[in-house]
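**Student:** One structure coming up, written as structure tokens, with questions to follow.
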Ligand code: TXA
Ligand code: MG
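Numbering (full-length UniProt numbering), first residue to last: 1 to 319.
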């Protein structure tokens, strides 16, 4: 396995060649690292599922370099255009009716008649442009585990299963993209993420309604247990119990903190963006047998805090 800087021309050329040949490459985005393959090549997409040990009924996001390519793959209406105008490139994924002649392999969409599309910031979009093709990419972690926000984090979990990791440093947003679907009079929120709900309301003038992702049809990836670290996770903790580690937020001390087995703070100043950027890195650091229990203080459920709470809830879900 080779780790190369994501801003290096030779590394990008190599990544582009591997993708053309139907290989998977790990590529950074502003949210998390993705395990990318040519979305139009069924064998390449199949490798993503194999490397991640991901159930094949769980569809992938196709990453595009811009709206022009997106419009060849899906039927975008006026609301989708407003959304791309406001948030692309960026951490917003749009689910829209699939164009059957768009060329995306059915394995990437899990045979659904919709497709999830996103224009990310940076090298992933650049590679899509070079190939002039969509790149299917889930987060570059084993299915059900913590999503990677650094190249080292990817190397630790998928290292011997991939040939190239492009290293773009620590990702800036830190949680995955927000996933939405537009209806005539509302936006359906399928997964909270990097773009806050409030910003979508403001950009579209439409109400944003949450649809819980429990069924196979709407978004199978939203399975309840996910991001699970080794130890048990206890949310909304007002105090620390003996033997627990503490995930704190903000400057306020927590009752029992001094007897905690260890303390980490998502954002000592209480900044939610900083907390989102730190979340998966801290969960990965605490993913070890000598951390049997983790208490997490309440996190404000506004802005990107909604995505943080969503991920924490999944990390705490029964396995
Ligand atoms: O930020 C992100 O979104 C990252 C980076 C790499 O772009 N990707 C990511 O992919 O989080 P993944 O595979 O971990 O999550 C994709 C989610 C899954 O929950 C999947 O079920 C959902 O998108 N999805 C994909 N296609 C869908 C569709 N047609 N309808 C509804 N949900 C869909
Ligand atoms: Mg994932």
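Think of the CB as a built atom: it goes at the ideal place given N, C-alpha and C, for glycine as much as any other residue.
Is residue 144 a contact residue of the ligand TXA, with contact defined as CB to any heavy atom under 7 Å?
**Tutor:** No, the ligand TXA has no heavy atom inside 7 Å of this Cβ.
**Student:** If residue 248 and residue 263 are in contact, beta carbons under 8 Å, what's the gap, nearest whole angstrom?
**Tutor:** Contact holds; Cβ gap of about 6 Å.
**Student:** Would you grab the beta carbon distance between residue 126 and residue 12 for me? Rounded to a whole angstrom, and I think it's under 8 Å.
**Tutor:** That belief holds up - the Cβ atoms of residue 126 and residue 12 are roughly 7 Å apart, short of 8 Å.
**Student:** Report the rounded CA-to-CA distance for residue 259 versus residue 237, giving the unit in angstroms.
**Tutor:** Going by the C-alpha atoms only, they are around 15 Å apart.
**Student:** Let me check understanding here. Comparing Cα to Cα, which of 19, 150 and 70 lies closest to residue 38?
**Tutor:** When each option's Cα is compared against that of residue 38, the closest is 19.
**Student:** Quick check on the DSSP output: the alpha helix (DSSP H) that includes residue 45 runs from which residue to which?
**Tutor:** Taken as a continuous stretch (DSSP letters only), the alpha helix (DSSP H) holding residue 45 covers 42-52.
**Student:** Alpha carbon to alpha carbon, how far is residue 206 from residue 46?
**Tutor:** Distance between the alpha carbons of residue 206 and residue 46: 37 Å.
**Student:** Counting pairs of beta carbons, one from the region 139-157 and one from the region 112-129, are three or more of them closer than 8 Å?
**Tutor:** Not touching, per the Cβ criterion.
**Student:** Measuring straight from C-alpha to C-alpha, what distance separates residue 308 and residue 169?
**Tutor:** One C-alpha to the other measures close to 21 Å.
**Student:** Check for me: the beta strand (DSSP E) holding residue 265 runs from which residue to which?
**Tutor:** It spans 262-265 - the beta strand (DSSP E) in which residue 265 sits, taken as one unbroken run.
**Student:** Suppose contacts are defined by Cβ-Cβ distances below 8 Å. Is residue 90 in contact with residue 195 by that definition?
**Tutor:** Yes. Within cutoff.
**Student:** Hey, residue 59 and residue 137 are a contact pair by Cβ (cut 8 Å); roughly how many whole angstroms apart?
**Tutor:** Not a contact, Cβ separation roughly 12 Å.
**Student:** Would you grab the beta carbon distance between residue 63 and residue 134 for me? Rounded to a whole angstrom, and I think it's under 8 Å.
**Tutor:** Contact flag correct, Cβ pair sits at about 6 Å.
**Student:** Closer than 6 Å by C-beta to residue 44: which residues in its own chain qualify, once you throw out the five before and the five after it? Chain order, please.
**Tutor:** Only 22, 37 and 38 meet the Cβ criterion.
**Student:** Determine which residues share a DSSP beta bridge with residue 167 and list them.
**Tutor:** Answer is 5.
**Student:** Buried or exposed: residue 1, going by 16 or more other Cβ atoms within 10 Å of its Cβ?
**Tutor:** So residue 1 counts as exposed.
**Student:** In three-state DSSP terms, what is residue 153?
**Tutor:** Looking at residue 153 - three-state DSSP - the assignment turns out to be helix.
**Student:** Find the nearest neighbour of residue 320 within the set 279, 312 and 319, judged by alpha-carbon distance.
**Tutor:** Residue 320 lies beyond the residue range present for the chain, which begins at 1 and ends at 319; the question has no answer from this structure.
**Student:** Specify, as a first and last residue, the run of the alpha helix (DSSP H) that residue 84 falls within.
**Tutor:** Where residue 84 is concerned, the enclosing alpha helix (DSSP H) stretches over 78-87.
**Student:** Hey, out of 301, 230, 203 and 164, whose CA is closest to residue 284's CA?
**Tutor:** Closest option to residue 284, Cα to Cα, is 230.
**Student:** In the DSSP assignment, the beta strand (DSSP E) including residue 240 goes from what residue to what residue?
**Tutor:** Residue 240 -> no beta strand (DSSP E), and no H or E assigned at all.
**Student:** To the nearest whole angstrom, what separates the beta carbons of residue 25 and residue 15, a pair I think is in contact under 8 Å?
**Tutor:** About 5 Å; that satisfies the 8 Å criterion.
**Student:** Mind checking whether residue 292 and residue 269 have CB atoms under 8 Å apart?
**Tutor:** No, the pair does not count as a contact, with Cβ atoms beyond the cut-off.
**Student:** Quick check for students: name the residue ranges of the alpha helix (DSSP H) that lie wholly in the region 185-210, counting only runs of 4 or more.
**Tutor:** Segments of the alpha helix (DSSP H) lying fully in the region 185-210: 197-204.
**Student:** Among 203, 150 and 315, which has the Cα closest to the Cα of residue 92?
**Tutor:** It is 203.
**Student:** Distance check for residue 100 and residue 73, CA to CA, integer angstroms please.
**Tutor:** Taking the straight line from one Cα to the other gives about 8 Å.
**Student:** Looking only at C-alpha atoms, which of 226, 300, 183 and 228 sits nearest to residue 208?
**Tutor:** Ranking 226, 300, 183 and 228 by Cα distance to residue 208 puts 183 first.
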